[in-house]
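Student: Okay, handing you the structure first.
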Amino acid sequence: MSFDIDKTIAFLKSKIGHVTYSMYGSRNFSDGTCDCSGAVYTGLVQGGFAPMSYIPSTETLHAWLIGNGCQLIAENTEWQMQKGDIVIWGRKGYSAGAGGHTGICIDGQNWLECTAWRDLGETIQNHDARWAMNDQPYFYVYRYTGTTNSQPVQASNVSIIAPKANVSYGLHLLGGSWLDEVTNFGSGDNGFAGLPNHQHDLLYIRVDHGSVKYRVHTVKSGWLPWVTKGDRNDTVNGCAGIAGEAIDGVQIIFLTPAGEPYKQAYYRSQTTQRTGWLGVVCDDGTSLPQYTDTYAGMFGEPLDRLQIGVANGNPY
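Here is the structure:
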């Protein structure tokens, strides 16, 4: 493989002022939008890196960089920045979606990044200033050395046997009590959370391996804060929702433990106003390109059933 960092940098510089940041578009500039990991990936492919069958996230970028001859030269510690260094913010397993960020350094101080900040899109900024602005997140630095222990592989092809992740969850009946807990999902009457043709106001989710974060959208208040704990007895920090407000949307992200093949949260819902399951959602719609829905539900239509599974492919 022949790699030229100058081609990468020139390509990304050509996008400055001509692209809008979005995690929900092409992610490769083809429609005038991109996100941070999509920009890094597309730029490096322009420079000579082997492409993947999908655009990686800040979670899946690590293995792809190593497979293309990069070495991890710094992990959350000071280093001498130089042109071509690839920096990823966000601890592995916790950087999916908006939880991470990445860019490519162009000298000893500045980097190219694609960002929603100030609606800049692709831009050149001082790395350390931006890092401080974002509360100094945990970071990794990769540098191209041209050496690799194997042929470039996709992150999803790494041969590691990982424990199954079981997800347990439950919904609270609006004006009533908690309904029975469900683990994973099934085809019978107990294979989903919720009570058909009824509204629900609280949701809790927990997993027995890895971790999960989730939030709900209510008809009255819109999106509520993310929750990482799953405990029906803790209505302040252990579940999502507001008592008395009907839930009409759910968003879930599964965080894979470091070093394991990536899994995602797959989920779907029904509403009180229509029959049949709505489309399957994968995490927040940014993990895999074939899944573009960003949440389960239909705004304005209270959710009455929910199914969740954690897997490395659609389990439905």
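Everything in the sequence shown is counted per full-length UniProt numbering, starting at 1 for the first residue and increasing by one.
In this text, a Cβ means the ideal position worked out from N, Cα and C, and glycines have one as well.
Please report the distance separating the alpha-carbon of residue 109 from that of residue 81.
Tutor: Taking the first residue of the sequence shown as 1, we reach residue 109 at position 109. Taking the first residue of the sequence shown as 1, we reach residue 81 at position 81. Cα to Cα, residue 109 sits roughly 7 Å from residue 81.
Student: Near residue 125, what residues of its chain come up, given a Cβ to Cβ distance below 7 Å and the 5 sequence neighbours on each side ignored?
Tutor: As a working note, residue 125 is residue 125 in the sequence shown. Only 110, 111, 113 meet the Cβ criterion.
Student: Using only CA atoms, which one of 274, 164, 76 lies nearest to residue 184?
Tutor: As a first step, residue 184 must be located in the sequence shown, where it is residue number 184. Out of 274, 164, 76, 164 has the C-alpha closest to the C-alpha of residue 184.
Student: Three-state secondary structure (DSSP) at residue 223?
Tutor: In the sequence shown, counting from the first residue as 1, residue 223 sits at position 223. Looking at residue 223 - three-state DSSP - the assignment turns out to be strand.
Student: Check the C-beta distance from residue 266 over to residue 316 and give it rounded, since I have them as a contact under 8 Å.
Tutor: Position 266 of the sequence shown, counted from the start, is the residue given in the question as residue 266. Position 316 of the sequence shown, counted from the start, is the residue given in the question as residue 316. Contact flag correct, Cβ pair sits at about 7 Å.
Student: Measuring alpha carbon to alpha carbon, tell me which residue in 187, 179, 310, 268 is nearest residue 232.
Tutor: Here residue 232 is taken as the residue at index 232 of the sequence shown, counted from 1. Answer by Cα proximity: 179.
Student: For residue 203 and residue 244, which I take to be in contact (beta-carbon distance under 8 Å), what is that distance rounded to the nearest angstrom?
Tutor: Here residue 203 refers to the residue found at position 203 when the sequence shown is read from its first residue. Here residue 244 refers to the residue found at position 244 when the sequence shown is read from its first residue. 14 Å between Cβ atoms; not a contact.
Student: Between 300, 172, 20, 141, which has its C-alpha nearest residue 91's C-alpha?
Tutor: Counting from 1 along the sequence shown, the entry for residue 91 is found at position 91. Sorting 300, 172, 20, 141 by C-alpha distance to the C-alpha of residue 91 places 141 at the top.
Student: Helix or strand or just coil, what does DSSP make of residue 114?
Tutor: Locating residue 114 in the sequence shown gives position 114, where the first residue counts as 1. Residue 114: strand per DSSP, three-state reduction.
Student: Pair every Cβ in the stretch 210-229 with every Cβ in the stretch 268-280, then say whether three or more of these pairs are closer than 8 Å.
Tutor: no
Student: So, at 8 Å on beta carbons, what are the nonlocal neighbours of residue 4 in its own chain, with the 5 sequence-adjacent residues on each side left out?
Tutor: Position 4 of the sequence shown holds residue 4. Answer for residue 4: 47, 48, listed in chain order.
Student: Scan the UniProt domain "Bacteriophage lysin" (5-149) and note each continuous beta strand (DSSP E) run of 3 residues or more that stays entirely inside, going in chain order.
Tutor: 70-75, 86-89, 101-105, 110-115, 121-126, 139-144
Student: For residue 116, which of 31, 246, 20 has the nearest alpha-carbon?
Tutor: By one-based count along the sequence shown, residue 116 stands at place 116. The candidate whose alpha carbon is nearest that of residue 116 is 20.
Student: If we count the other Cβ atoms within 10 Å of its Cβ and call it buried at 16 or more, is residue 171 buried or exposed?
Tutor: Here residue 171 refers to the residue found at position 171 of the sequence shown. Result: buried.
Student: Taking just the CA atoms, how far does residue 307 sit from residue 175?
Tutor: Reading the sequence shown from its first residue, position 175 is the one you call residue 175. Reading the sequence shown from its first residue, position 307 is the one you call residue 307. Distance between residue 175 and residue 307, taken at the CA atoms: about 22 Å.
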